[in-house]
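Numbering (the numbering used here), first residue to last: 19 to 205.
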């Protein structure tokens, strides 16, 4: 016959396993593309997870990702990641930078001008489209890059190498001060 402490330990372990298993199952059910649990359908995080899952599919479902992103923004307009995802989706639909893409990026800046979680992706996206963006977004990108460099420069060390647009790569390189004889961009 098991001792009392062994019984309590076994029950506690079973409860932990049941809780973790149930939580994992619930997370999968809520975040799966196409899932519609009524209790969770109004949560921004659920729509964010569904949008990300739709983009992570072997054949990304851009329509579902956009629908879930728009639902997320209906719940909370101050979600910079959702605005950036919408900018990406608009960019894919238009085949390049468009006024709708610019608006979504500006909204991401309204939500989080210097959001450390969104900064690397946003800067790469803007510098990759450097020739197509206007002066306002260029100024925002350079300002964000300078601030990010001052606070966490090491995280941006490889940024210029990841930029495909030659003019954007040059602008980022100069703004980061990688060339010792280069002058910083005029303010």
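Note that beta-carbon positions come from the ideal geometry of N, C-alpha and C, so glycine has one too.
Assignment of residue 63 by DSSP, reduced to helix, strand and coil, places it in the helix class.
In the structure shown, the three-state DSSP call for residue 116 is coil. Minimum Cα-Cα distance from residue 84 among the listed residues 110, 76, 96, 61 corresponds to 110. Scanning its chain for C-beta atoms nearer than 6 Å, with the 5 sequence neighbours on each side dropped, one finds around residue 96 the residues 129, in chain order. The alpha-carbon separation between residue 194 and residue 122 amounts to approximately 25 Å. For residue 159 and residue 98, the gap between their C-alpha atoms comes out near 15 Å. Excluding sequence positions up to five before and after residue 178, its CB lies within less than 6 Å of the CB of 187, 190, 191, all in the same chain and listed in chain order.
Going by C-alpha positions, residue 176 is about 21 Å away from residue 106. Distance from residue 185 to residue 148 at the Cβ level is roughly 5 Å; contact confirmed, criterion being Cβ atoms closer than 8 Å. In the same chain as residue 72, and ignoring 5 residues on each side of it, the C-beta atoms closer than 7 Å to its own belong to 51, 78, 79, 82, 83, 86, in chain order. Residue state for residue 132 is assigned as coil, using DSSP reduced to three classes.
Pairing residue 146 with residue 182 gives a Cβ-Cβ distance under 8 Å. The beta-carbon distance between residue 62 and residue 94, rounded to whole angstroms, is 5 Å. This is short enough to meet the 8 Å contact definition.
With respect to the C-alpha of residue 134, the residue from 167, 108, 103 having the closest C-alpha is 167. By alpha-carbon distance to residue 150, the top candidate from 114, 74, 108, 65 is 114.
In the three-state DSSP reduction, residue 148 falls in the coil class, being neither helix nor strand. Residue 102 and residue 157 have their C-alpha atoms spaced approximately 17 Å apart. Sequence-distant partners of residue 104 (beyond 5 residues in either direction) whose C-beta falls short of 6 Å from its own C-beta, in its chain, are 87, 122.
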